[in-house]
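All the letters of the sequence shown, read from the start, carry residue numbers 934 to 1355 under the numbering used here. Step one of this worksheet: look at the structure below.
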Amino acid sequence: MNILVLGSGGREHAIVSSLATSPRSDIIYVAPGNGGSAPGAQNVALDMMDGEAVVQFALSHDVELVVIGPEAPLVAGIANVVAKAGLAVFGPQAAGARLEGSKQFAKDLMRAHDIPTATYAVFTNKDAALAYLKDNPAPIVVKADGLAAGKGVTVATTDAEAIQAIEECFAGRFGSAGSRVVIEEMLTGPECSLLAFVDGKTMVPMVPAQDHKRALEGDKGPNTGGMGVYSPVPIVSEQEHDTMIKLMQQTVDGLIAEGIDYRGVLYGGFILTPSGPKVLEFNARFGDPETQVVLPLLQSDLLDIMLACDSATLDRWELAWSDDWALSVVLASAGYPGDYEKGKVITGIEAAEALDNVTVFHAGTRRLDDGTVVTNGGRVLNVTARGATFVEARDLAYQAVDLIDFEGKQFRRDIGQRALRV
Ligand code: AMP
Ligand code: GLY
């Protein structure tokens, strides 16, 4: 079966690498892809936001399954266009992707279906938002309603920060995404991501993972797309894990009650508060970098599961997971998440991959005609290692990280530190 994967991040490289191990996969096209490669994979220049172009390409290349990686095409309804053309698609249609595309929609769904989350209020008017702040002072969280590439959330520790965040949203910093603002209670506790495969009715959880959102060690500095991740997550108690799974099912049931047929990955971003897990956010896709540790631990055939999600037959499958630990360190360009330079030559990827149980997933990279790999984005590489213990996986990942070099290489040395504090 030929497959088309839309996206260009480390997440997509991990998806393609897993799909490539399926005995049923043939050519895997990646649009637009990056400098990473997998057996049988080919990059294609295709605008993933252009549904008709995606369908045309798929039909003319005997593609039978389209996998949509990032949120923007999901929210834009590319899955609707692909499904309408009669092709199998992995990723929810626009109605379901609103869970990620509108924070208000997600919050209202949670409120309507008793899913614990931070208390909140929604504003389309700046003065009303500022007035709300008077009665609900910092610490408080200000969120642009729409997609803002992970930059639309401000956890404000002072009123001045909250006021500035509100002013910026309404001044158009996030375009139309910020014309509606959600202000919510600040919750405290460790965070944990739980991703699940969903086929419209059945929800099958994956192994939990913990991302590290802040740019600098010790969880300091600005929020990023994620600087490193590990799985499983020992700080999550069995009871908390059960609660998270229950809340994921409750969400799928809530979607069904709203008439939404959700097929793809449902990503629950949880915060483990003293009064139990609460949902911080939902994403309508695989997490990045969570996928770079979760999929390497999946022993079942990803292609079978994706097709089962599309055909609503997930209840026939039982997923098998490795007992290993996996840890992934993000190597970023100097300056990320702010401005950064591109085009720096990367060395040592092959040496790192020569280590047993190490995989280097490409994110912001580009392969030149002579085979040289250069930086091409903020998050450049995701170095994933597996081990029988957490410490083994972590030490191996950093051994591999130290073999790779490029000008301005920036990363956190403390990924997974919290796993040791059990
Ligand atoms: P979101 O995109 O909504 O997940 O927010 C990005 C990050 O902001 C989360 O991973 C949290 O670290 C933080 N955050 C979001 N909402 C809250 C909240 N209500 N309380 C505390 N931290 C939050
Ligand atoms: N790692 C966070 C996300 O994918 O949204």
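The C-beta atom is built at its ideal place from N, Cα and C for all residues, glycine as well. Treat the numbers as computed from the prediction; the structure is a model and nothing was measured.
Asked	Found
Quick check for students: name the residue ranges of the alpha helix (DSSP H) that lie wholly in the stretch 1269-1321, counting only runs of 4 or more.	1282-1286
As a quick exercise: from Arg1113, Leu1042, Met1160, Val963, pick the residue whose alpha carbon is nearest that of Asp1078.	Arg1113
Three Cβ pairs or more, each shorter than 8 Å: is that satisfied between the stretch 1271-1290 and the stretch 1189-1197?	no
If you draw a straight line from the C-alpha of Val1355 to the C-alpha of Ile1048, how long is it?	Confidence at Val1355 is low in this model, with a pLDDT of 47, below 50, so its placement is unreliable and the value that follows should be read with caution. Whole-angstrom Cα-Cα distance: 27 Å.
Please report the straight-line C-alpha distance between Leu1264 and Asp1068, rounded to a whole angstrom.	42 Å
For Met1166, tell me which candidate among Gly968, Leu1260, Trp1250 has the shortest Cα-Cα distance.	Per the sequence shown, residue 1166 should be read as Val rather than Met. For Val1166, the nearest C-alpha among the options comes from Leu1260.
For Trp1254 and Gln975, what's the separation of their Cα atoms in angstroms?	28 Å
Go through its chain and collect everything with a Cβ distance to His1046's Cβ below 8 Å, but skip five positions before and after it.	Gln1183, Thr1184, Asp1186, Gly1187, Ala1190
When burial is assigned at 16 or more other CB atoms within 10 Å of the CB, is Thr1360 buried or exposed?	Outside the shown range of the chain, which is 934 to 1355, sits residue 1360, and nothing can be said about it.
Between Leu1213 and the ligand AMP, is there a pair consisting of the residue's CB and a ligand heavy atom that are separated by less than 7 Å?	yes
Is the stretch 1244-1252 touching the stretch 1152-1160, taking contact as three or more C-beta pairs under 8 Å?	no
Rounded to a whole number of angstroms, what is the C-alpha to C-alpha distance between Asp1328 and Ala978?	38 Å
Given 8 Å as the limit, is there contact between the stretch 1223-1232 and the stretch 939-950, that is, 3 or more CB pairs closer than that?	yes
Go ahead and pull the three-state DSSP assignment for Asn1058.	coil
To which residues of the same chain is Asp1234 closer than 6 Å at the C-beta, ignoring the five residues directly before and after it?	Ser955
Mind pulling the beta strand (DSSP E) runs of 3 or more residues that sit fully within the stretch 987-1043?	996-1001, 1021-1023
Is Pro1025 near the ligand GLY - that is, is its Cβ less than 7 Å away from at least one heavy atom of it?	no
Would you mind working out which of Lys1059, Thr1322, Tyr1200, Asp1132 sits nearest Gly1356, comparing C-alpha positions?	Residue numbering for the chain in the displayed model covers 934 to 1355; residue 1356 lies beyond these limits and cannot be assessed.
Restricting to Cα atoms, I'd like to know which of Tyr1269, His1145, Gly1304, Lys1076 is closest to Gly1311.	Tyr1269
Taking Lys1059 as the reference, which of Phe1103, Asp1152, Ser1109 has the closest Cα?	Phe1103
Could you give the DSSP three-state label for Met1160: helix, strand or coil?	coil
Short of 8 Å in beta carbon distance, which residues of its chain neighbour Leu1042, apart from the five on each side in sequence? Order them along the chain.	Leu1032, Ile1048, Thr1184, Gly1187, Leu1188, Glu1191
Is the closest heavy atom of the ligand GLY to the C-beta of Gly1220 under 7 Å?	yes
Might you give, ordered along the chain, the residues of its own chain that have their beta carbon closer than 6 Å to the beta carbon of Leu1336, omitting 5 neighbours on each side?	Gly1281, Ala1284, Ala1285
For Glu1117, which option in Gln1037, Gly1304, Lys1146, Asp1175 has the closest C-alpha, if you only look at C-alpha atoms?	Gln1037
Does the stretch 1086-1094 come into contact with the stretch 1133-1149, if we say contact requires no fewer than three beta-carbon pairs (one atom in each stretch) closer than 8 Å?	no
Within its chain, find whatever has a CB closer than 8 Å to the CB of Gly968; leave out the 5 residues flanking it on each side and keep chain order.	His1295, Thr1298, Arg1299, Arg1300, Val1306, Val1307, Asn1309
DSSP on Ala1190, reduced to helix/strand/coil?	helix
Report all residues from its chain with a CB closer than 8 Å to the CB of Met1181; omit the five preceding and five following residues, and keep chain order.	Leu1127, Ala1129, Met1136, Pro1138, Leu1199, Gly1201
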